[in-house]
Every structure is written in structure tokens, then in C-alpha cells.
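Each step along the sequence shown adds one to the number in this note's numbering, with nothing skipped, and position 83 is 316. Beta carbons: idealized from backbone N, C-alpha and C, even for Gly. Encoded as C-alpha cells, the structure appears first; notes follow it.
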Amino acid sequence: MKKVVLSCAFSIMAVWILVGCNNEEIMQSTSEKPTASEVLSEDSKADIFQFNDTIYKSDVAWAEKTEVTQNKKVGEIKRRSSDRDDFDNGTATKLTKGTALYSTKERNEILLVSFNGKLKKYVALGEG
């Protein structure tokens, strides 16, 4: 009986020591939408604009293959800037002031722009 009690006591102490010596920290990470500064740091020639606090980028392969239908006008470009630290809603790197932005019927994350007589697709860059 004495051996069982001692064995249980040593087991409890061993577990207590192992748990108490654990240095592992709990890390919580959050993801946020990319900023113009982050996108332009990776690709200084990126064709982007900011609308409703979201960066939209052109020439995204999967979007180019996606069929969408122009819906209603949702906004327009207010100014052009290549300064990655001077970007806010309505700012674009390539599009000119006054360029209309259109939603699509099929995909909320795609906006359309009429550029040189053709509809160009821009994809919202999400968290990640």
C-alpha cells in the first residue's frame, strides 16, 4: 500500500514539474487586409486602387478567367498617386481621376472599370 501511495505521489509531482516548466507562450495572430504600402512594396508597378478601405488589384489570373456582368456604378477614382504612403479611398496608381467603378452581379470581390474601351477586372485583396 505504501508503494502505491509513493508511486502516485511521485507521478503527481512529475506531472506538476513538467507542466510548471513549460515555457510555451500562447500566440494569437490576427490578419488584416493589405495596405497600398504593402502591395506596392512587393510590386512597385502594381495596378491598384483603394475603395471602401480595401485595395483592389488588376491582372489577377483567376479573375481574368471569371465571367462577370457589369452591375451599377459604386464609385469613382478621385486621384492618381504612385506614393505608397499617400493612399486613401479613391486613390489609384494607374487609373485617372473620374474613372467609374462598377460592381458585378456575380462576384462581390470584383469591381469593373472601363479602361481604353474595355472592361478591366479588379479583385479585392483580402486578409491573409
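Distance between residue j and residue i (C-alpha atoms, nearest Å)
i: Thr268; j: Thr287; result: 8 Å
i: Asp276; j: Trp295; result: 19 Å
i: Glu309; j: Lys298; result: 25 Å
i: Ser291; j: Ile281; result: 6 Å
Boundaries of the alpha helix (DSSP H) in which residue i is found, first to last residue
i: Ala294; result: 294-297
Inter-residue CB distance, residue i and residue j (contact presumed, cutoff 8 Å)
i: Lys306; j: Ala333; result: 5 Å
C-beta contact flag for residue i and residue j at 8 Å
i: Thr337; j: Val293; result: no
i: Arg340; j: Leu328; result: no
i: Leu273; j: Gln303; result: no
Same chain only: Cβ atoms within 7 Å of residue i, ignoring 5 sequence neighbours per side
i: Asn285; result: Asn322
i: Asp318; result: Ser270
i: Glu265; result: Glu360
i: Glu342; result: Val356, Ala357
Terminal residues of the beta strand (DSSP E) in which residue i lies
i: Glu300; result: Careful: Glu300 lies outside any beta strand (DSSP E) and carries neither H nor E.
i: Ala269; result: Not the beta strand (DSSP E): Ala269 falls in the alpha helix (DSSP H), residues 269-275.
Proximal residues to residue i (C-beta, below 6 Å), its chain only, five neighbours per side dropped
i: Leu344; result: Tyr289, Leu334, Tyr355
Nonlocal neighbours in the same chain, by C-beta distance under 8 Å from residue i, ignoring five residues either side
i: Lys311; result: Asn322, Gly323, Thr324, Lys330
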